[in-house]
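Enquirer: My questions all concern the structure below.
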Amino acid sequence: MRGGGPLLWIGKGRETEVLKRCNDHMKKIVETVVEMDKAFQAACSLKGRKEVEKAFNKVFLKEKEADGVKKEILEDLAKKLFQPINRDEIVRLVMTADDVASNAKAAARKLTFLDPAELPKDLRKLFSQFSLKVVEISKTMYKNFLALTQNPSSAIKVSHEVERMEEEIDDFRGEKLIPKMLEWQRVNKNLSSSILLKEIADNLEEVADRCEDVSDLIRYIALSHL
Numbered sequence: 194m195r196g197g198g199p200l201l202w203i204g205k206g207r208e209t210e211v212l213k214r215c216n217d218h219m220k221k222i223v224e225t226v227v228e229m230d231k232a233f234q235a236a237c238s239l240k241g242r243k244e245v246e247k248a249f250n251k252v253f254l255k256e257k258e259a260d261g262v263k264k265e266i267l268e269d270l271a272k273k274l275f276q277p278i279n280r281d282e283i284v285r286l287v288m289t290a291d292d293v294a295s296n297a298k299a300a301a302r303k304l305t306f307l308d309p310a311e312l313p314k315d316l317r318k319l320f321s322q323f324s325l326k327v328v329e330i331s332k333t334m335y336k337n338f339l340a341l342t343q344n345p346s347s348a349i350k351v352s353h354e355v356e357r358m359e360e361e362i363d364d365f366r367g368e369k370l371i372p373k374m375l376e377w378q379r380v381n382k383n384l385s386s387s388i389l390l391k392e393i394a395d396n397l398e399e400v401a402d403r404c405e406d407v408s409d410l411i412r413y414i415a416l417s418h419l
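Residue numbering for the sequence shown is 194 to 419, as defined by the working numbering.
This is the structure:
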C-alpha cells in the first residue's frame, strides 16, 4: 500500500476537509437526481404542469446548491497545498459528478415544456421506470464514493455494480424505450414534441453515463492507492 494509508488524500487535515466537501457535493448531486425523478413521476402520472414545474424548481435549487459546493472545493484546491496527483483526482471527480446534476436539471427543465398527456400510457410508464433506474444508479454511485473513503477494495466491487446498472439502463433504453418512442412518433407526427422527448431521454441516459464515469474514476483512485 502506498503512502501509509487507504488513500493518499484521506486522513490528513486539509485533505479530510476537502473530502468532507466532496461528500456534501455527492449528496447534493443525488438529491438533484431524486428531485428530477419527482418531476418525472408527476408528469407520467398526469398530475399537471404546475406539479411538474414545482418539482423542477426543487431540481434547480438542488443543482445550484451542488454547484456552490463544487465552487468551494475548487477554491480550496486553488488556495491550499496538495500534491498535484491528489488535486487532479479531486477535480476530475467533482467535475464529472457535476455533469450528473447538470443533465438531471436539463431533463427536468425540458419536461416542463412537454405535454405528458400527448404520450400514451405505456410510454409514460417507460419514462417513469427509466427515471427510477437513473435514481438508483445515482444512489449506487454515492455508495461507491462512501466505500472509497472507507475500504478501497470494497469501492472496486461497488464500481462493478454501477457498471452493471449502466448496461441495464442502456438495454432498457434500446430495447424498450426507443422502440416505443418511434412507434409513438410515427403516429403523432409532432416534430417539436418528438425532438423534445428524444432530448429528455438523452439527458436521462447522460445522467446514467456520468454516474458510471464517476465510478470509473473512483475505481481508478482505489486501484492506484491499494
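Positions of the beta carbon are idealized from the N, C-alpha and C atoms, including for glycine.
Checking 8 Å against the spacing of the C-beta atoms, do His353 and Val287 come in under that value?
Expert: no
Enquirer: Among the residues of its own chain, which have a CB less than 6 Å from the CB of Val143, if the five just before and after it don't count?
Expert: As shown, the chain starts at 194 and ends at 419. That puts residue 143 outside it, with no answer to give.
Enquirer: Return the Cβ separation of Val400 and Thr289 in integer angstroms, given the expectation that the two are a contact with Cβ distance under 8 Å.
Expert: With a Cβ gap of about 12 Å, Val400 and Thr289 do not count as contacting.
Enquirer: Where do the N-terminal and C-terminal ends of the alpha helix (DSSP H) with Ser385 fall, by residue?
Expert: Leu384 to Ser417
Enquirer: Between the Cα of Gln343 and the Cα atoms of Ser238, Lys257, His418 and Glu258, which residue gives the shortest distance?
Expert: His418
Enquirer: If you compare alpha carbons, which of Leu254, Leu316 and Glu258 is closest to Phe233?
Expert: Leu316
Enquirer: Compare the C-alpha of Gln322 against each of Cys237, Leu341 and Phe306 and name the closest.
Expert: Cys237
Enquirer: Report the option in Glu360, Asp402 and Glu265 whose CA atom is closest to the CA atom of Cys215.
Expert: The candidate whose alpha carbon is nearest that of Cys215 is Glu265.
Enquirer: If you measure between the beta carbons of Ala301 and Phe249, is that distance less than 8 Å?
Expert: yes
Enquirer: Given Leu341, which residues of its chain have a CB within under 8 Å of its CB, disregarding the five upstream and five downstream residues?
Expert: Leu200, Ala348, Ile411, Ile414 and Ala415
Enquirer: Compare the beta carbon distance of Phe306 and Leu384 with 8 Å and say whether it is the shorter of the two.
Expert: no
Enquirer: Measure the CB-CB distance between Arg366 and Glu398 and report whether it falls below 8 Å.
Expert: yes
Enquirer: Going by the CB atoms, is the gap between Val355 and Glu405 shorter than 8 Å?
Expert: A contact, by the Cβ cut-off of 8 Å.
Enquirer: Looking only at its chain, what residues have a beta carbon closer than 7 Å to the beta carbon of Lys382, apart from the 5 residues adjacent to it on each side?
Expert: none
Enquirer: Quick check on the burial criterion: 16 or more other C-beta atoms within 10 angstroms. Buried or exposed for Pro309?
Expert: buried
Enquirer: In the DSSP assignment, the alpha helix (DSSP H) including Ser324 goes from what residue to what residue?
Expert: First-last of the alpha helix (DSSP H) with Ser324: Lys314 to Gln343.
Enquirer: Once the 5 residues before and after Leu370 are set aside, which same chain residues still bring their CB inside 7 Å of it?
Expert: Leu319, Phe323 and Ala394
Enquirer: Out of Glu224, Pro345 and Arg285, state which residue places its alpha-carbon closest to the alpha-carbon of Lys251.
Expert: Glu224
Enquirer: Give a yes or no on whether the C-beta atoms belonging to Lys303 and Glu392 are separated by under 8 Å.
Expert: yes
Enquirer: May I ask you to report which of helix, strand or coil DSSP gives Leu304?
Expert: helix
Enquirer: Would a check of beta-carbon distances place Ser321 closer than 8 Å to chain C?
Expert: The question asks about chain C, but that chain is absent: this structure has only one protein chain.
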